[in-house]
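These protein sequence lines map, in sequence, to chains A and B. 1 is the number of the first residue of the first sequence in full-length UniProt numbering; add one for each residue after it. 1 is the number of the first residue of the second sequence in full-length UniProt numbering; add one for each residue after it. Written below as structure tokens is the structure these notes are about.
2 protein chains.
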Amino acid sequence: MEEQARKPRGTGRRLRGAVANYLGTAIVSGEIAPGERLSGEVANAEALDVSRSAYREAVQVLTAKGLVESRPKAGTRVLPRHRWNLLDPEVLAWAFAKEPDLEIVRNLFELRAIVEPAAARLAAERRDKADVKAMRDALAAMRRFTLATDPGRVADREFHDAILRATRNDALVALSAGIGAAVNWTTHYKQRARALPRDPVPDHIRVADAIAAGDAEAADKAMRVLVEMAFDDTRAAMVR
Amino acid sequence: MEEQARKPRGTGRRLRGAVANYLGTAIVSGEIAPGERLSGEVANAEALDVSRSAYREAVQVLTAKGLVESRPKAGTRVLPRHRWNLLDPEVLAWAFAKEPDLEIVRNLFELRAIVEPAAARLAAERRDKADVKAMRDALAAMRRFTLATDPGRVADREFHDAILRATRNDALVALSAGIGAAVNWTTHYKQRARALPRDPVPDHIRVADAIAAGDAEAADKAMRVLVEMAFDDTRAAMVR
DNA sequence: CGAGTAATAAGTCAGAGTAAATAAAGCGAG
DNA sequence: CTCGCTTTATTTACTCTGACTTATTACTCG
Numbered sequence: 001m002e003e004q005a006r007k008p009r010g011t012g013r014r015l016r017g018a019v020a021n022y023l024g025t026a027i028v029s030g031e032i033a034p035g036e037r038l039s040g041e042v043a044n045a046e047a048l049d050v051s052r053s054a055y056r057e058a059v060q061v062l063t064a065k066g067l068v069e070s071r072p073k074a075g076t077r078v079l080p081r082h083r084w085n086l087l088d089p090e091v092l093a094w095a096f097a098k099e100p101d102l103e104i105v106r107n108l109f110e111l112r113a114i115v116e117p118a119a120a121r122l123a124a125e126r127r128d129k130a131d132v133k134a135m136r137d138a139l140a141a142m143r144r145f146t147l148a149t150d151p152g153r154v155a156d157r158e159f160h161d162a163i164l165r166a167t168r169n170d171a172l173v174a175l176s177a178g179i180g181a182a183v184n185w186t187t188h189y190k191q192r193a194r195a196l197p198r199d200p201v202p203d204h205i206r207v208a209d210a211i212a213a214g215d216a217e218a219a220d221k222a223m224r225v226l227v228e229m230a231f232d233d234t235r236a237a238m239v240r
Numbered sequence: 001m002e003e004q005a006r007k008p009r010g011t012g013r014r015l016r017g018a019v020a021n022y023l024g025t026a027i028v029s030g031e032i033a034p035g036e037r038l039s040g041e042v043a044n045a046e047a048l049d050v051s052r053s054a055y056r057e058a059v060q061v062l063t064a065k066g067l068v069e070s071r072p073k074a075g076t077r078v079l080p081r082h083r084w085n086l087l088d089p090e091v092l093a094w095a096f097a098k099e100p101d102l103e104i105v106r107n108l109f110e111l112r113a114i115v116e117p118a119a120a121r122l123a124a125e126r127r128d129k130a131d132v133k134a135m136r137d138a139l140a141a142m143r144r145f146t147l148a149t150d151p152g153r154v155a156d157r158e159f160h161d162a163i164l165r166a167t168r169n170d171a172l173v174a175l176s177a178g179i180g181a182a183v184n185w186t187t188h189y190k191q192r193a194r195a196l197p198r199d200p201v202p203d204h205i206r207v208a209d210a211i212a213a214g215d216a217e218a219a220d221k222a223m224r225v226l227v228e229m230a231f232d233d234t235r236a237a238m239v240r
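In structure tokens, the structure reads:
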């Protein structure tokens with residue numbers, strides 16, 4: 001009774017989730033180019049060793065995220081990139097599963113540079129005690145663990161999330177997946193470039209202080225600096 | 001042989017799409033509150049007069065958009081709002097299917113006010129001839145049909161889309177669904193308030209000219225004015 | 001109060017039949 | 001004979017049915 005180790009469909013909560021992950025990463029990473037056709041349900045389901053229902057449900061997920069479109073007789077085709085829900089958390093996860101397209105990283109940073117200073121400004125105007133506490137806690141954890149560790153990176157994301165939540169704007173909160181991905185990737189690249197060019201904590205503290213003080217102008221400015229620095233560091237590490 | 005007219009599941013491209021629409025609007029509109037449990041697959045599928053597979057595929061779509069979460073034995077529960085992919089085109093469509101929450105409209109406008117001026121700035125730096133042509137064409141259609149007609153509103157959205165595309169940033173393009181929804185809703189409210197407070201075309205022309213001329217500063221400023229005006233008009237119409 | 005156990009609802013599977021969209025064949029008009 | 005339209009045929013996704021499996025919760029018993 002040998003272990004049948006061939007399960008080439010990736011991991012995921014459930015079977016269909018695993019299939020969705022497998023196909024999703026394959027598409028987002030460019031293995032299956034836009035316009036290309038997936039092999040038929042029966043064939044593909046059998047190839048992945050899952051039932052047709054499980055396979056179909058996985059495809060529905062991809063369809064829901066704008067990655068593919070299927071029509072009778074025509075089959076299931078990969079849609080052009082601009083149709084993808086690029087800000088969907090799962091799509092981003094798939095994008096960053098393999099070595100991600102540098103273009104995507106650049107785009108997300110550009111989005112960050114636009115959104116986060118404005119978010120900091122709003123947060124300064126609307127934050128309450130709980131928001132400030134969440135920021136300070138995240139900051140403490142960041143300082144404690146540093147960005148070299150996993151909990152440290154989680155704390156970093158938590159810090160930026162707390163700011164977005166403080167804006168009281170669900171549409172901005174919905175961007176946290178994209179922002180978070182960019183934030184995470186920054187640290188990843190920095191790590192790879194070995195030398196941490198500078199301590200990021202002071203920048204974060206300036207932002208937190210400004211928001212806590214309710215100084216919208218200062219919060220905007222401080223966040224602008226923070227993102228700019230992160231962008232610089234990442235860019236430097238990317239070119240190497 | 002009477003027409004069996006009871007098909008209380010809404011319209012959609014396919015059967016599962018119709019069910020997804022039906023459930024999606026019910027959830028987003030608050031009919032099924034967050035935390036609440038959907039009745040079991042078998043029961044619900046029978047109630048909607050569809051097979052279990054079709055019903056399940058619809059639920060997968062909702063799951064993919066972060067609206068619900070299902071676990072064995074526990075059933076399928078509606079997730080809290082902050083887990084929803086609020087920027088997903090379909091979710092937004094569901095949100096605007098019935099009278100939408102004013103809060104959502106406000107949030108989307110806030111997002112617009114943050115993103116669009118910055119996008120106009122980038123567009124001014126990166127646009128090419130094709131982008132300018134797309135903008136001018138949309139503008140001509142807007143002027144021709146006016147915002148009182150459907151093609152006119154389409155042209156309005158097309159104008160803003162063209163700008164986002166000109167940024168060469170897919171992450172920004174992915175926001176077009178949200179921006180477009182806000183844009184559309186503006187005109188809807190304006191219409192309802194009867195009097196069109198002012199002609200929107202001149203504002204649009206100023207933006208287009210600035211982008212065509214490559215003047216980033218002017219484009220930012222002009223777009224800022226445009227969004228501000230649209231926000232004012234919508235707000236005025238909303239309070240009535 | 002904790003470990004084991006039963007009940008429940010989602011998850012997976014298999015196979016058959018339906019509906020829709022494209023490609024091919026047929027046919028009539030010019 | 002060619003062109004354009006209509007009809008047919010085929011391919012593929014879509015829907016349905018019903019059975020079985022697995023995971024999780026809740027209960028019972030020690």
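Each residue gets a CB set at the ideal place from its N, CA and C atoms; glycine is no exception. Since the structure is predicted, the reported quantities are computational estimates derived from the model, not experimental observations.
With DSSP collapsed to three states, give me the class of A:Thr76.
Looking at A:Thr76 - three-state DSSP - the assignment turns out to be strand.
Does B:Ile114 get closer than 8 Å to chain A when you measure Cβ to Cβ?
Taking Cβ atoms only, chain A reaches closer than 8 Å to B:Ile114, which makes this a yes.
So, at 7 Å on beta carbons, what are the nonlocal neighbours of B:Leu79 in its own chain, with the 5 sequence-adjacent residues on each side left out?
Only Pro34, Gly66, Leu67, Val68, Glu69 meet the Cβ criterion.
Who are the near neighbours of A:Ala219 in its chain, counting only those whose CB is closer than 7 Å to its CB and skipping five residues on each side?
Only Ala120, Arg121, Ala123, Ala124, Val207, Ala210, Ile211 meet the Cβ criterion.
How about B:Gly178 and A:Ala148: are their beta carbons less than 8 Å apart?
No. Outside cutoff.
Below 8 Å between beta carbons: does that hold for B:Gly40 and B:Tyr22?
No, these two residues do not count as a Cβ contact at 8 Å.
When you compare the CB of A:Leu86 with every CB in chain B, is at least one pair closer than 8 Å?
Yes - at least one Cβ of chain B is within 8 Å of the one on A:Leu86.
DSSP state of B:Arg157, grouped into three classes?
Helix at B:Arg157.
Ignoring anything shorter than 4 residues, give me the alpha helix (DSSP H) runs that lie fully in the region 185-227 of chain B, in order along the chain.
Complete alpha helix (DSSP H) runs here, min 4: 201-213.
What's the gap between the Cα of A:Ala118 and the Cα of A:Arg224?
If I take the Cα positions, the gap works out to 9 Å.
For chain B, is any of its Cβ atoms less than 8 Å away from the one on A:Glu57?
Closer than 8 Å: yes.
Report the neighbours of B:Leu51 on chain A: residues whose CB is nearer than 7 Å to its CB, in chain order.
Residue identity check: residue 51 of chain B is Ser in the sequence provided, not Leu. In chain order: nothing, as chain A lies at least about 11 Å away.
Taking only beta-carbon atoms, is A:Arg6 less than 8 Å away from chain B?
Residue confidence for A:Arg6 is low, a pLDDT of 42 falling below 50, so the modelled location carries little weight; the figure read from the coordinates is stated next. Not closer than 8 Å to any Cβ of chain B, the Cβ of A:Arg6 fails to qualify, so no.
Just the Cα atoms here: how many angstroms apart are B:His204 and B:Lys98?
Cα to Cα, B:His204 sits roughly 29 Å from B:Lys98.
Looking at chain B, which residues of the region 60-73 of chain A have a Cβ within less than 7 Å of any of its Cβ atoms?
If the cut-off is 7 Å between Cβ atoms, the region 60-73 of chain A has Gln60, Val61, Ala64, Lys65 near chain B.
Report yes or no: is there a C-beta of chain B within less than 8 Å of the C-beta of A:Glu110?
Answer yes: the Cβ-Cβ gap between A:Glu110 and chain B drops below 8 Å somewhere.
Which chain B residues sit within Cβ distance under 7 Å of A:Asp170?
Near A:Asp170 (Cβ distances below 7 Å), the residues of chain B are Arg81, His82, Leu86, Asn107.
List the residues of chain B that A:Gly178 touches, going by C-beta distances under 7 Å, in chain order.
Chain B residues near A:Gly178: Ala171.
Using a cut-off of 9 Å between C-beta atoms, extract the partners of A:Ala148 located in chain B.
Near A:Ala148 there are no residues of chain B at all, since even the closest Cβ is about 28 Å away, more than 9 Å.
On a CA-only basis, which of B:Asp49, B:Pro100, B:Leu48 is nearest B:His188? Give me that one, please.
Of the listed residues, the one whose Cα sits closest to B:His188 is B:Pro100.
Assuming A:Ala58 contacts A:Ala20 under a Cβ cut-off of 8 Å, what Cβ separation, rounded to an integer in Å, is found between them?
The pair is a contact, with the Cβ atoms about 4 Å apart (cut-off 8 Å).
Mark B:Gly17 as exposed unless 16 or more other C-beta atoms lie within 10 angstroms of its C-beta, in which case mark it buried.
Looking at its Cβ environment, which holds 16 or more other Cβ atoms inside 10 Å, B:Gly17 is buried.
Short of 7 Å in beta carbon distance, which residues of its chain neighbour A:Val42, apart from the five on each side in sequence? Order them along the chain.
Once the five neighbours on either side are set aside, the close Cβ partners of A:Val42 are Arg52.
Can you pull the chain B residues whose beta carbon is under 7 Å from the beta carbon of A:Ala118, in chain order?
Those within 7 Å of A:Ala118 in chain B are Ile114.
Shorter than 8 Å from the beta carbon of A:Ala219 to some beta carbon of chain B?
No, because no Cβ of chain B sits closer than 8 Å to the Cβ of A:Ala219.
Anyone know if the C-beta pair for A:Arg153 and A:Asn107 falls short of 8 Å?
No, the Cβ-Cβ distance between A:Arg153 and A:Asn107 is not below 8 Å.
At 4 residues or longer, what runs of the alpha helix (DSSP H) sit wholly inside the UniProt domain "HTH gntR-type" (13-81) of chain A?
Here the runs fully enclosed are 15-28, 41-48, 52-64.
Of all the options A:Thr25, A:Leu86, A:Glu116, which has the alpha carbon lying nearest to the alpha carbon of A:Leu226?
Taking only the C-alpha atoms, the option nearest A:Leu226 is A:Glu116.
Which of the residues in the region 200-216 of chain B, read from start to end, lie with their CB under 7 Å from any CB of chain A?
From the region 200-216 of chain B, no residue has a Cβ closer than 7 Å to chain A.
Leaving aside the five residues before and after A:Ala45 along the sequence, list all residues of the same chain whose C-beta is less than 6 Å from its C-beta, in chain order.
Taken in chain order, the residues that qualify are Arg52, Tyr55.
Short of 9 Å Cβ to Cβ, which residues in the region 134-165 of chain B face chain A?
Those residues of the region 134-165 of chain B that come within reach of chain A (Cβ to Cβ, closer than 9 Å) are Arg165.
At the 8 Å Cβ level, is A:Ala174 part of the contact set with chain B, yes or no?
Interface residue, yes.
May I have the straight-line CA-CA distance separating B:Arg77 from A:Ala138, to the nearest angstrom?
One C-alpha to the other measures close to 30 Å.
Can you tell me which of the three DSSP states B:Leu102 falls into?
Three-state DSSP puts B:Leu102 in a helix.
Tell whether a beta-carbon distance below 8 Å holds between B:Leu151 and B:Phe159.
Looking at the sequence provided, one finds Pro at residue 151 of chain B rather than Leu. Cβ atoms of B:Pro151 and B:Phe159: not closer than 8 Å.
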